[in-house]
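Numbering (the numbering used here), first residue to last: 41 to 193. The beta carbon of each residue, even a glycine, is placed where N, CA and C say it ideally should be. In this text the structure is predicted, and so the values were computed from the model without any measurement.
Below, the structure written as structure tokens:
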């Protein structure tokens, strides 16, 4: 396995992050482009909370293998982001999960949550194996639903 280096996001990383986000849900029917997600992460409004995000760089391949982050709302809610290719969840995804847990604990989180496409069985199984519980579903558009999951720390 390649070495993974956690580092801050550079301006030049954003195109690769969008490509990775798109590739991470290419197997999900109706997911479409992740442009809105990308714009929301890139243009995070610091007056509405704090954002701690980073990339994991595959040092052997010289590419971004994962995007991770924790966003804290003014109400004390902590949102997780784990973005990598489905086939790399056991390695890159696990490292993103561990890094996010460390950040959340350092920020005093009592629980964390995230939202994912309801048809993304691979990521949902990954999350449930780490004690995330499904809270509910919302319709995004047409026949596409998302589910929100939460984990107590």
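Residue 102 and residue 136: beta carbons closer than 7 angstroms?
Here residue 102 refers to the residue found at position 62 when the chain shown is read from its first residue. Here residue 136 refers to the residue found at position 96 when the chain shown is read from its first residue. No, these two residues do not count as a Cβ contact at 7 angstroms.
By the three-class DSSP mapping on this structure, what secondary structure does residue 144 have?
Along the chain shown, one-based indexing puts residue 144 at 104. Note: residue 144 maps to helix in three-state DSSP.
In or out: residue 138 buried (at least 16 other Cβ within 10 Å) or exposed?
Counting from 1 along the chain shown, the entry for residue 138 is found at position 98. Classification of residue 138: exposed, given that the 10 Å Cβ count is below 16.
Could you check if residue 192 is buried or exposed, using at least 16 other CB atoms within 10 Å of its CB as the buried criterion?
Sequence index remark: in the chain shown, residue 192 carries index 152 (1-based). Residue 192 should be labelled exposed.
Mind checking who residue 168 pairs with in its DSSP beta bridge?
For the purposes of this step, residue 168 is taken as the residue at position 128 of the chain shown. Partner(s): none; residue 168 has no beta bridge.
Thinking C-alpha only, which one of 53, 44 and 164 is nearest residue 177?
Within the chain shown, residue 177 is the residue found at index 137, counting from 1. Of the candidates 53, 44 and 164, the one whose C-alpha sits nearest the C-alpha of residue 177 is 164.
With distance defined between alpha-carbon atoms, name the residue in 42, 43, 81 and 120 nearest to residue 55.
For the purposes of this step, residue 55 is taken as the residue at position 15 of the chain shown. It is 81.
Mind pulling the beta strand (DSSP E) runs of 3 or more residues that sit fully within the region 74-125?
You should have 90-98, 103-112 and 118-123.
Closest to residue 69 by CA distance: which of 86, 181 and 78 is it?
On the chain shown, residue 69 is found 29 positions in, with the first residue counted as 1. The option with the nearest alpha carbon to residue 69 is 181.
Give me the Cα-Cα distance between residue 174 and residue 187, rounded to the nearest whole angstrom.
Position 134 of the chain shown, counted from the first residue, corresponds to residue 174. Position 147 of the chain shown, counted from the first residue, corresponds to residue 187. Distance between the alpha carbons of residue 174 and residue 187 is about 7 angstroms.
Spatial neighbours of residue 154 within its chain, please: C-beta separation below 8 angstroms, excluding the five flanking residues on both sides.
As a first step, residue 154 is located in the chain shown; it is residue number 114 there, counting from the start. For residue 154, where only same-chain residues beyond five positions count, the Cβ hits under 8 angstroms are 119, 120, 121, 122, 167, 172, 188 and 189.
Taking the DSSP output, what are the residues bridged to residue 42?
Taking the first residue of the chain shown as position 1, residue 42 is located at position 2. In the DSSP output, where bridge partners are listed per residue, residue 42 has none listed.
Does the beta-carbon of residue 128 have 16 or more other beta-carbons within 10 angstroms, so that it is buried, or is it exposed?
The count along the chain shown starts at 1 and reaches residue 128 at position 88. Looking at its Cβ environment, which holds 16 or more other Cβ atoms inside 10 Å, residue 128 is buried.
What's the gap between the Cα of residue 89 and the Cα of residue 149?
Start at 1 with the first residue of the chain shown, and residue 89 comes out as number 49. Start at 1 with the first residue of the chain shown, and residue 149 comes out as number 109. Answer to the nearest angstrom: the Cα atoms are 14 angstroms apart.
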